[in-house]
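Residue numbers for the sequence shown follow the working numbering, so the first one is 18 and each next one is one higher.
All remarks here apply to the structure that follows.
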Amino acid sequence: MLCADIPYEIDLEAAREAIVKAGAVRVVVQLPDGLKKYGVSIVNCLKSLTPGSLEVYLHADPVYGSCDIQYGQLASSVKPQLIIHVGHSPYPVELADPGLESPVNIVYVPALSKLDIPEGSVESSIEVLRGYGVRRVGVVTTAQHTHRVKALAEALREGGLEPVIPRGFPPYFLDGQVLGCDYRLAKHVKAEGFIYFGGGVFHPLGLYLATFKPIVKIDPYEGKTIDLTGLGERVYRVRLFKVSEAMNADKWALIVGVKTGQYRPWLVERLRREIEARGRNYVLIASENLTLQNIIAVDNEWIQAFTVTSCPRIPTDDLWEYHKPVLTPGETIMALRGELEPYRFPW
Ligand code: SF4
């Protein structure tokens, strides 16, 4: 059953079935920020599908990914029988704390964008890729556009390129899907460059840092083709500068994420061992939402560098201008070992 009046295909049948099966009387609906404005329509749609009086909470806080379900807080306050998490696939369990289990059942509901491949974008992207000498091209996207990758690959083939779609790994990844902190599938395809289908620069810049291949974005929101290779190169140079700045840091702040999918004890332990093995010191900092304000609040003259084990995109995208180095886990290992290559991203 689709909610008809929004620009995404959201099939709530799986949610309806889960509600009936669990006998749920209270649920929480979570949406990525871009979909929140359709939240009331989705809630009303869900209510119309479910018999009896269902209490539905729409979660207003940012939900940056399936790493960010916040089930602990919800279980101890609202106490829903079910969390309906729309727009993301489950977070890869090996990146989080494998021992952590949600006390609330979660149902993952895809949200597929109705935007199609913009006219002329395939031709212009082929032209850009040819300029880099790319023939074999990887085709990647986010969860909202995975239903477009086959058609895009076909159009690229007709245009004379050799497209390859990274094979999915259900339930975490569909074919062609990347995450801002996990580009393993894209890295494993033998491609000379990539087409990223989707909006923004968050995912394609991460793709560049993970692969160092030409990246062309086809943006269905703006109807444009954009070459992001140069921007990726600039971001990479900034990252190397930050790593070199941190090489002599003796005193580290090791930030531990407390969001449900961003608590990574295995990673904290690994970094702790790397720091101790070199006779350096650290202070542990727990953080749910790591912002510039929070960093400023805890910073003092003792701390010489920060390492972030929660979301590895906070150092690269949000805090890269901070006057002290704020590094990803992979960059931290580079700095501690005094190496500028290979560039490790993000772990
Ligand atoms: S990039 Fe950050 S917000 Fe996105 S899934 Fe990974 S940890 Fe979560």
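Every residue gets a Cβ at the ideal spot worked out from N, C-alpha and C, and that includes glycine.
Just so it is clear, the structure is predicted and the values come from calculations on it, not from any experiment.
Residue i versus residue j: straight-line alpha-carbon distance, rounded
i	j	result
asparagine 61	alanine 128	16 angstroms
aspartate 85	threonine 277	6 angstroms
leucine 29	valine 42	16 angstroms
histidine 105	glycine 137	29 angstroms
proline 97	glycine 51	24 angstroms
alanine 314	serine 304	12 angstroms
alanine 352	glutamate 262	8 angstroms
leucine 75	isoleucine 292	42 angstroms
lysine 204	leucine 71	44 angstroms
arginine 153	leucine 178	6 angstroms
tyrosine 149	aspartate 244	11 angstroms
glutamate 118	glutamate 144	48 angstroms
aspartate 199	proline 68	39 angstroms
arginine 289	tyrosine 299	8 angstroms
Under the three-state DSSP convention, the category residue i falls into
i	result
asparagine 311	helix
isoleucine 36	helix
leucine 179	Before going further, note that residue 179 is glutamate rather than leucine in the sequence given. Correct three-state label for glutamate 179: strand.
arginine 152	coil
lysine 259	helix
alanine 128	strand
threonine 345	coil
valine 139	helix
alanine 322	strand
tyrosine 74	strand
Where residue i falls, given that 16 or more other Cβ within 10 Å makes a residue buried
i	result
glutamine 279	buried
tyrosine 225	buried
glycine 116	exposed
histidine 340	exposed
arginine 295	exposed
proline 24	exposed
leucine 48	buried
leucine 309	exposed
Contact belief for residue i with residue j at Cβ below 8 angstroms, rounded distance in angstroms
i	j	result
threonine 242	isoleucine 235	5 angstroms
isoleucine 212	valine 233	5 angstroms
phenylalanine 323	valine 343	4 angstroms
leucine 169	phenylalanine 214	6 angstroms
aspartate 114	arginine 281	6 angstroms
Handout entry: Any beta strand (DSSP E) of 3 or more consecutive residues that is wholly inside the stretch 263 to 311
Key = 268 to 274, 298 to 304
Practice task
Report the residue ranges of all beta strand (DSSP E) runs contained in full by the stretch 37 to 66; include only those spanning at least 3 residues, in chain order.
Solution key: 43 to 47
Practice task
Please list the segments of the alpha helix (DSSP H) lying wholly inside the stretch 219 to 256, counting only runs of 4 or more residues, in order along the chain.
Solution key: 219 to 228
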